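Residue numbers for the sequence shown follow the numbering used here, beginning at 215 and rising by one.
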Amino acid sequence: MKQKSGFSGQIGFVLAAAGSAVGVGNLWRFPYLAAKDGGGLFLIIYLVLVLTVGFTLLTTDIAIGRKTGKSAIYAYESMRKKWKFLGVITFIVPVIIMTYYAVIGGWILKYITIYILGSGKEAVADNCFTNFITSPSSVWYGIVFMLLTAIIVYNGVEKGIERVSKFIMPVLLVMVVGIAIFSLTLKTTLDDGTVRTGLQGLKVYLTPDMSGITVQKFLQVSLDAMSQLFFSLSVSMGIMITYGSYVKKDVNLNKAVSQIEIMDTGVAFLAGIMIIPAVFVFSGLDGMSAGPGLMFVSLPNVFFRMGMAGRIVGLLFFLLAGFAALTSCISVLESIAANCMELFHTERKKTTGVLSIIYLIATAVIALGYSIFYVEVKLPNGSTGQLLDIMDYISNSFLMPFISLLSAILIGWIIKPSWIVEEMELNGKKFSRKKLYNVMIRYIMPVIMVILFLQSTGFLDV
Ligand code: PFF
215 MKQKSGFSGQ
225 IGFVLAAAGS
235 AVGVGNLWRF
245 PYLAAKDGGG
255 LFLIIYLVLV
265 LTVGFTLLTT
275 DIAIGRKTGK
285 SAIYAYESMR
295 KKWKFLGVIT
305 FIVPVIIMTY
315 YAVIGGWILK
325 YITIYILGSG
335 KEAVADNCFT
345 NFITSPSSVW
355 YGIVFMLLTA
365 IIVYNGVEKG
375 IERVSKFIMP
385 VLLVMVVGIA
395 IFSLTLKTTL
405 DDGTVRTGLQ
415 GLKVYLTPDM
425 SGITVQKFLQ
435 VSLDAMSQLF
445 FSLSVSMGIM
455 ITYGSYVKKD
465 VNLNKAVSQI
475 EIMDTGVAFL
485 AGIMIIPAVF
495 VFSGLDGMSA
505 GPGLMFVSLP
515 NVFFRMGMAG
525 RIVGLLFFLL
535 AGFAALTSCI
545 SVLESIAANC
555 MELFHTERKK
565 TTGVLSIIYL
575 IATAVIALGY
585 SIFYVEVKLP
595 NGSTGQLLDI
605 MDYISNSFLM
615 PFISLLSAIL
625 IGWIIKPSWI
635 VEEMELNGKK
645 FSRKKLYNVM
655 IRYIMPVIMV
665 ILFLQSTGFL
675 DV
């Protein structure tokens, strides 16, 4: 049989998996939640969750992938024939995410061009972002981003994904650290003479705000942190199963899981240092809007107030965001392609070619969801949204907790955790967090996932 292609070794795998995990979620969602949910309080809760829930989910996905050597659909089938359905549901998540991730990548591309071609003034013009996304011509940016993603996946695991990740991830890390340090040096004097500094902003970010803390607030912050964790680690959507299936048997999975967690959480934490002090100095923390608003409206305003330096920082920031989005987007397409290659017994180039055509169309449709195909829908969690938000809701709020719940039941109670532990110890080293893994997968994960699922479907109001 032809040897399955894969990552060349530990570094290639860790950088590609961290590339998938580090995405726009780290840059626009993590800092927003941290500012909203009591600074250090959110940070502490998030950290505890990464080391428990995140560790369990990541370990499970990667070990399933490497042990079965398959992508989600056949991985679950080879574990228990009757559980193939879970593989199919897992496969659906990237299928949905792929319809909109390139659209967001396209928005970033647009802002990169704004900062290359001008001083960034265009980005702070009234309604620049809204005007852009509601114009049908915005689809071209999404299409270019989609094509870029397809070319990388077309070139294969080692020559495409690994090569790009090995270049992008170190550059990205240097950029985040550089902008974070710059952000701490910022200073401004308000009209009333008050001085605001980056270091004061840092204090706001790091200090746990315990004022008015109630059980309900604590629970709400924990649930915010939990749903962020899922999205951020790219778990429970088959991506880490696919990447796991490309890992050689001699790679130390235990270490790899820790390294991926450290990189993902580290970049999210640094994104907070990059963004919160800058927003604090120039517009006070009221400027910390959520999601796209933070990245495409608040931050360009902050960059503009920095004067000359703002153009460079703005360009660097959007390049960094573009890199982060690209390595995430390729992992989504790769996971879909890998499942399709196994399903239809087709080879990579043909599969990627066909998927690219489908997703170029899907990207265009979702991008046009703000203009020609405009709809406004009320979602079960209370928010309203357009096509992109609907896709995001189905995949992240609805399917992901559901998949995690079922996979915890399958591994914890039917197959038993020792099946995963064996794989983690394959290289001869003891799986140091074995006890923690056992308790988490059998008892804690099912409870947490039920709560999360009920909350995101609107049955539990926190
Ligand atoms: N983990 C990425 C982020 O934090 O932005 C997002 C992501 C990548 C989500 C890949 C889903 C996915 F399939």
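Backbone N, C-alpha and C fix where the C-beta goes; we use that ideal spot for every residue, glycine too.
Just so it is clear, the structure is predicted and the values come from calculations on it, not from any experiment.
query, result
"Taking only the alpha-carbon atoms, compute the straight-line gap between G528 and I375 and give it to the nearest angstrom.", "27 Å"
"Measuring from the CB of V317, is there a heavy atom of the ligand PFF at a distance below 7 Å?", "no"
"A551 to L569, Cα distance in whole Å?", "7 Å"
"For the ligand PFF, is there any heavy atom lying closer than 7 Å to the beta carbon of P308?", "yes"
"Does the Cβ of V589 have 16 or more other Cβ atoms within 10 Å, making it buried, or fewer, making it exposed?", "exposed"
"Does DSSP put V591 in a helix, a strand or coil?", "strand"
"Have a look at N369 and V236 and give me their C-alpha separation to the nearest angstrom.", "22 Å"
"I need the DSSP call for K216, collapsed to helix, strand or coil.", "Low per-residue confidence applies at K216: pLDDT is 48, beneath 50, and the placement is therefore not dependable, though the value from the model is reported in the following sentence. Coil."
"Sorted by chain position, which residues of the same chain lie with C-beta nearer than 8 Å to V579's C-beta, five sequence neighbours on each side aside?", "T313, F587, L601"
"Taking all protein chains shown into account, decide if T351 is buried (16 or more other Cβ within 10 angstroms of its Cβ) or exposed.", "Here residue 351 turns out to be Ser, not Thr, going by the sequence shown. By the 10 Å Cβ count, S351 comes out exposed."
"By a C-beta neighbour count over all protein chains shown, 10 Å radius and 16 as the cutoff for buried, is Y419 buried or exposed?", "buried"
"Which residues share a DSSP beta bridge with K401?", "T411"
"Beta-carbon separation of S611 and S441 under 8 Å?", "yes"
"In chain order, what residues of the same chain have a beta carbon less than 8 Å from the beta carbon of V461, not counting five sequence neighbours either side?", "G220, F221, F227, I276, G279, R280, L467, A470"
"Any idea if V353 is buried or exposed, counting beta-carbon neighbours within 10 angstroms, 16 or more meaning buried?", "buried"
"Does any heavy atom of the ligand PFF sit closer than 7 Å to the C-beta of N240?", "yes"
"For D720, does the count of other Cβ atoms within 10 angstroms reach 16, so buried, or fall short, so exposed?", "Past the edges of the chain, shown from 215 to 676, lies residue 720, and the structure says nothing about it."
"Closer than 8 Å is the cut-off here; do at least three beta carbon pairs connect the segment 241-253 with the segment 486-495?", "yes"
"State the DSSP-derived secondary structure class of G672, mapped to helix, strand or coil.", "coil"
"So, does the segment 354-369 touch the segment 550-566, judging by three or more C-beta pairs under 8 Å?", "yes"
"Is the CB-CB distance between S549 and I453 below 8 Å?", "yes"
"Tell me whether N237 counts as near the ligand PFF, meaning its Cβ is closer than 7 Å to at least one heavy atom of that ligand.", "Reading the sequence as shown, one finds Gly at residue 237 and not Asn. Because some heavy atom of the ligand PFF lies under 7 Å away, the Cβ of G237 counts as near it: yes."
"Excluding five sequence neighbours on each side, which residues of the same chain lie with their C-beta closer than 7 Å to the C-beta of F667?", "P615, F616, L619"
"How far does the alpha helix (DSSP H) with I550 in it reach, from first residue to last?", "522-558"
"S542: beta carbon under 7 Å from a heavy atom of the ligand PFF?", "yes"
"Starting from G599, follow its DSSP beta bridges and name the residues at the other end.", "V591"
"Three-state secondary structure (DSSP) at P308?", "helix"
"Exposed or buried, which one is Q669 when buried takes at least 16 other CB atoms within 10 Å?", "buried"
"Based on Cα-Cα distance, which residue from K417, L437, Q224 lies nearest to V262?", "L437"
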